[in-house]
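Structure record follows, encoded as structure tokens.
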Amino acid sequence: MESYRLPFILLLIAASITPSHSSATPCRSNCGSLQIRYPFGTGYGCGSPRFEPYVTCNSNQLVLTTHTGSYPITAISYKDSTVTVTPSAMSTCNSMQQSPNLGLDWASPFQLGPSIILLLSCSPPTSSLTIKGSPVCDPSSAHLCATIYTCPAVVNLGLPLFPPTNSCCVYSPANFNSKGELDLREMKCKGYTSIASLEGSPTDPSKWVYGVTLKYTNGGFDDYYMNNKCNTCEDSGGICGYSPPTNSFLCICNNGFNTTMDCYNNYNPVQDYEDALGSSTSLSTWKIWLGLWVGLIFCIAA
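In terms of mature numbering (1 follows the signal peptide of the UniProt record, and there is no 0), the sequence shown is residues -22 to -1, 1 to 280.
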């Protein structure tokens, strides 16, 4: 009995001190050049479960996906709760083209933000353009139409150089239709552009920042208690995430362990046992640990 008990005990001890946490996590604090913080995430289980179906990190590019397409996210303002997307089919001063509809899903946490949307190459005169009987063009901003129509790329929309500005509309206040779309065909326009910033150069469209600014509302943990937990998690170097299927809060630490609080204590077995209740990975780990220690105690007692 004594001849095999010691090697078995040593085997159990060696197994118990071998790292048992996940060696890789899809959750990262950046996607390309963008810093990623709650409510956004870089993979399943990261950030807020309310945002995960719409925002993903694909090949180091953060992307917003809706029923009308996928759009690169080029800027995030966590202070203002906005993101800027740059649809590939959107016109700019350097490149104008016919565009498909732009849309958002009604169930998503996004809505149109403070962008300046210009409808291009519309059936003139745009002063008569109405939606449900209401005019949609802002005549006080018509100078922006005259400015962008100085871009030589207008010929790609079937317009002559320096076309008449009555085929352009500064859409204000911009809105989506009942399908959640900017319906260009319904408004009889070929293209659109969206200006995120004039960059202090209202008469030089080559310097404008082009993109559609979207407002977002916080995710599934946006009550006071959960927001505080997320702030503490991020302050400790962790990444806020969630544990399916209950979507309970997780703080994902660099060492591969998930906790329900923060990463200040690095690895706390008691805290990780709590996480096991909501994490299948942690649960499997704790089954192994429990089996090893039970076996060790049994061998010692035998």
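Ideal placement from N, C-alpha and C gives every residue a C-beta, glycine not left out. Predicted, not measured: the structure shown is a model, and the values here were computed from it.
Return no unless some Cβ of chain C is closer than 8 Å to the Cβ of residue i.
i: residue 86; result: Absent from the structure is chain C; it holds one protein chain and no more.
Sort the options by Cα distance to residue i and report the nearest one.
i: residue 84; options: 195, 222 and 103; result: 195
i: residue 110; options: 132, 49 and 153; result: 153
i: residue 309; options: 223, 151, 31 and 50; result: Residue 309 lies beyond the residue range present for the chain, which begins at -22 and ends at 280; the question has no answer from this structure.
i: residue 36; options: 27, 180, 49 and 28; result: 49
i: residue 90; options: 189, 126 and 193; result: 193
i: residue 60; options: 34, 231, 17 and 117; result: 17
i: residue 172; options: 161, 159 and 187; result: 187
i: residue 101; options: 175, 177 and 166; result: 166
State the DSSP-derived secondary structure class of residue i, mapped to helix, strand or coil.
i: residue 168; result: strand
i: residue 114; result: coil
i: residue 153; result: coil
i: residue 120; result: helix
i: residue 143; result: helix
i: residue 135; result: helix
i: residue 229; result: strand
i: residue 159; result: strand
From residue i to residue j, what does the alpha carbon distance come to, in whole angstroms?
i: residue 106; j: residue 76; result: 22 Å
i: residue 247; j: residue 224; result: The pLDDT assigned to residue 247 is 49, lower than 50, so where the model puts this residue is not dependable; a value taken from the coordinates is nonetheless given after this. Taking the straight line joining both Cα atoms gives about 22 Å.
i: residue 175; j: residue 12; result: 19 Å
i: residue 55; j: residue 65; result: 18 Å
i: residue 70; j: residue 226; result: 43 Å
i: residue 8; j: residue 15; result: 8 Å
i: residue 45; j: residue 159; result: 9 Å
i: residue 249; j: residue 22; result: Legend: pLDDT at residue 249 = 44, less than 50; position of this residue unreliable, value from coordinates given subsequently. Roughly 22 Å separates the two Cα atoms.
i: residue 142; j: residue 72; result: 19 Å
i: residue 212; j: residue 51; result: 22 Å
i: residue 99; j: residue 120; result: 14 Å
i: residue 123; j: residue 115; result: 11 Å
i: residue 87; j: residue 10; result: 23 Å
i: residue 239; j: residue 53; result: 29 Å
Using a Cβ-Cβ cutoff of less than 6 Å, which residues in the same chain neighbour residue i once the five nearest sequence positions on both sides are dropped?
i: residue 103; result: 144
i: residue 6; result: 20
By Cβ distance, which residues of its chain are closer than 7 Å to residue i, with the 5 residues on each side in sequence left out?
i: residue 92; result: 191
i: residue 134; result: 74 and 75
i: residue 181; result: 125
Apart from the five residues just before and just after residue i, which ones in its own chain have a Cβ nearer than 8 Å to its Cβ?
i: residue 242; result: 214
Problem set entry | Three CB pairs or more closer than 8 Å across the segment 219 to 228 and the segment 18 to 31 | Between the segment 219 to 228 and the segment 18 to 31, the count of C-beta pairs closer than 8 Å reaches three or more; the two stretches touch.
Exercise. Is the segment 127 to 134 touching the segment 203 to 211 in the sense that three or more CB pairs, one from each, lie closer than 8 Å?
Worked result: Three or more beta-carbon pairs separated by less than 8 Å are not found between the segment 203 to 211 and the segment 127 to 134, which leaves the two stretches without contact.
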